[in-house]
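Let me begin by presenting the structure, written as C-alpha cells, before commenting on it.
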Amino acid sequence: MKIVTCEQARQIDRKAAEKGLTTAVLIENAGRAVASEIEKALGAVSGKNVLVLAGKGNNGSDGLVAARYLLDRGARPTVYLSGHRESPDDVAYSALGQRGIPVANIEEDSRHAKLDDLLNAADIVIDAFVGTGMKGALDGSMKSALEKVSGARAKRPSMVLVGLDVPSGLDADGGVIDSSALFCDMTVTLAYPKIGLFQFPGASRVGKLVVADIGIPQELAAGINIELMTDAWASSVLPRRPLNANKGSFGRVLVVAGSINFIGAAYFACMGAYRVGAGLVALATPTSLQGPLAARLTEATYVPLPQSATGVVAEDAFATLKREVMASNVMLMGPGLGKSKAALEFMKSTLLNLQPASSPNLVLDADALDAVKEIPDWSKKLPRQMVVTPHPGELSRMIAVSVADIQKDRIGLARKLAREWDNTLVLKGAHTVVAAPDGRVMLSPFANPGLASGGTGDVLSGAISGLLAQGAGFFDSAALGVYLHGTAGELVRQELGDTGMIAEDLLPALPVGIKRLRERGVSWAEPVAAKSIVLRAYKAGQ
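Here the numbering used here = 1-based position in the sequence shown + 65.
As C-alpha cells, then:
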C-alpha cells in the first residue's frame, strides 16, 4: 500500500479528475466510505448522536457527506461548522437542509455554549475541520473548539473521537501537531495513508488507522516508492516451504554474538532465526558461554571463540571463525558482543577479512554498528550489500547526528543513508523504516511500546537473518522480518497487554504470525487459533 505526501495526494486527485473522477465524486465517495468504516469499527450506529466538526474545505465537505450517510444508517447527526458555507454550488452543505440535519456555526457560538450542549449529548465526534491542506497553527476558534472536545472526552471517556483523513492540526507531511489536536480513537484516511500519520508526535494522535477506498485507481500511484507493509504484501514475499525440503534447503545462519554481560542477546538472535524458518543456525560465542547457552539453546551448533577475558571474545578470534564463515549463507554479527577494545577489534578484523566472492550475506546489528563506524569509509571497504539495523541511538553514534534530528525525518534520512552506503537500512523504532539503496522505502504499521524492552531487537536481527538465509532478498528479508516481528508483538499484546512483554514472548508468536499469513483467511480482529497456540507455548515454558 502506497504512502503519500500531501503534494502526491494532490497530483493523484488531479489525475483522477482527468479520468472523470471529479472532486464532487471523490467527496461523495469519501463521505460514504467514512460512514461505512465507522459502522464497521464501532458496530451499529443507529440511535447514536454523531457530532461532525466540519471546516470550509474539502475535508469539511467529506464530513458533511458522512453525516448524511450516517443518517441513512439510523444515526442522529449534527454538524458544527467552522465558518459559513452558503455558496449555491456547495452541494454537500445544501443536502444537509434537504435531509433535515441540524447545523450550528462556530461564528455564532463565540463562547462555545452550543458546542458544549452538543458534546454533552455526543456519542461520536468526527473531526473534519481541516485535512491535508493544514500548515502551521490552527486558528483560534477551531483551536478552542478542539480543546472543548478534549475536555468533554476527559469527562466522558466513552465518547468516540474519529479523525477524517488526518486529525485537525496534524501536518500530514511532517507529523508536527498543533497542541489542540485530538487524541483520536481512530482515523479514517482517504485513498492512501499520509506520511505524517506515521511520524511522531503526530502519530500519537491517530489511534487506529483505517484506509478507506474512495475509488481512485491504484495505477495512479504507481510511481510512488514509499509503501506501508501489509498482510497481502507479506504473504507475497514469504519464502516457500517445499514438501521435499531438508534442513539445508532453508539456509545456514552464523550468529556471532554474546559476551559475559549479554548472554541473552546470543540466544534471542539464534531463536529469532529459527522461529522464522532457518534450517541451520550456528552460534559463534566466547568459549565460556557455550555451556550456559547450550543448556537452553539446544538446536544450534556452536563455534567456541577464544577469549581475551572470561566471556569476552579475543581480538584474533577470526582465525577460529573463518571456516564457519565460508560455510554459511548469512552471518549476523553484533548482538551482545560488547564494546570492549578486543571485541571491537575482532569485529573489524572479521569484516575486513571477508572476501566478496565467498563471504556470506551480512546482517550487522548492535555492537557491530559501533565497530564499523571506526572503519573509515566502511561501506566501500566491506562486501557490498548487507542489512544494517540501528536504533536511533546507534545511528546517532554512526553518523554523529543527534537522536532528535534523526527522529525529525526518519524516512528521508533512512533513504539517504541507504543510497550512500549502498545497503539496506532498518531504522528501528515505532513505525520502523526499511530503506533500500534504490530509493524504495517500506514502513511498519506497528507502534507497540511492549517491544521497548531488552532483547527484542536481537529477535528482530535474528529473524531478518533467518529470512535472508531462506533466499529472500536483502530488502524483502529486512522488511518482512520487521513485519513478522511487529505481528508477533501484536499477537502477544492481545494476550498480555503491552506492559511486561519480554523478548521471550515473541519467539512462539513468530511462527503463529507466519501461519496466519499463509492461511490469510483468519480474521486479524479475531485470531482465535493464534491465541490458543501462543498460550500453549507460554504454558510449555517455551
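In this text, a Cβ means the ideal position worked out from N, Cα and C, and glycines have one as well.
Small disclaimer: the values here were computed from a predicted structure and weren't measured.
{"query": "Of the residues Gly-85, Leu-203, Arg-475, Ala-537, the one placed nearest Met-451, counting alpha carbons only", "result": "Ala-537"}
{"query": "CB of Val-395 within 7 Å of CB of Leu-211, strictly", "result": "no"}
{"query": "Between the CA atoms of Pro-502 and Ser-301 - distance to the nearest angstrom", "result": "21 Å"}
{"query": "Ser-467 burial status per 10 Å Cβ neighbour count (16 or more: buried)", "result": "exposed"}
{"query": "Given 8 Å, three or more beta-carbon pairs between the stretch 416-425 and the stretch 344-353", "result": "no"}
{"query": "Reference Ser-233; option with closest CA among Ser-209, Thr-87, Ser-530", "result": "Ser-209"}
{"query": "Bridge-paired residues (DSSP) for Thr-350", "result": "Pro-369"}
{"query": "C-beta atoms of Ala-100 and Ala-131 nearer than 7 Å", "result": "yes"}
{"query": "Cβ contact check for the stretch 512-531 and the stretch 67-79: 3 or more pairs under 8 Å", "result": "no"}
{"query": "Asp-250 and Leu-226 closer than 7 Å at C-beta", "result": "yes"}
{"query": "Beta-carbon proximity of Leu-293 to Ile-68, cut-off 7 Å", "result": "yes"}
{"query": "Sufficient close CB pairs (3 or more, under 8 Å) joining the stretch 275-295 to the stretch 356-373", "result": "no"}
{"query": "Residue from Gly-344, Gly-477, Glu-172, Met-391 whose Cα sits closest to the Cα of Gly-120", "result": "Glu-172"}
{"query": "Minimum C-alpha distance to Gly-128 - residue among Val-231, His-177, Asn-185, Gly-112", "result": "Val-231"}
{"query": "Nearest-angstrom beta carbon gap, Val-168 and Leu-146 [assumed within contact, 8 Å]", "result": "6 Å"}
{"query": "Spatial neighbours of Met-391 in its chain, beta-carbon cut-off 7 Å, leaving aside the 5 residues before and after", "result": "Ser-423"}
{"query": "First and last residue of the uninterrupted beta strand (DSSP E) at Pro-142", "result": "141-146"}
{"query": "Beta-ladder partner(s) of Asn-170, from DSSP", "result": "Leu-146"}
{"query": "The alpha helix (DSSP H) enclosing Arg-138, as first and last residue numbers", "result": "Taken as a continuous stretch (DSSP letters only), Arg-138 belongs to no alpha helix (DSSP H), as it is neither H nor E."}
{"query": "Supposed close pair Gln-472, Phe-265 - CB separation, criterion 8 Å", "result": "7 Å"}
{"query": "In DSSP terms, what Thr-489 is bridged to", "result": "Val-452"}
{"query": "Per DSSP, the bridge partner or partners of Val-156", "result": "The partner list for Val-156 (beta bridge, DSSP) is empty, contrary to what the question assumes."}
{"query": "Enclosing alpha helix (DSSP H) for Gly-317 [first to last residue]", "result": "Position check: residue 317 holds Arg in this sequence, whereas Gly was assumed. Note, Arg-317: premise wrong, no alpha helix (DSSP H); beta strand (DSSP E) at 317-321."}
{"query": "First through last residue of the beta strand (DSSP E) which encompasses Leu-255", "result": "251-255"}
{"query": "CB contact flag (Leu-345, Arg-317, <7 Å)", "result": "yes"}
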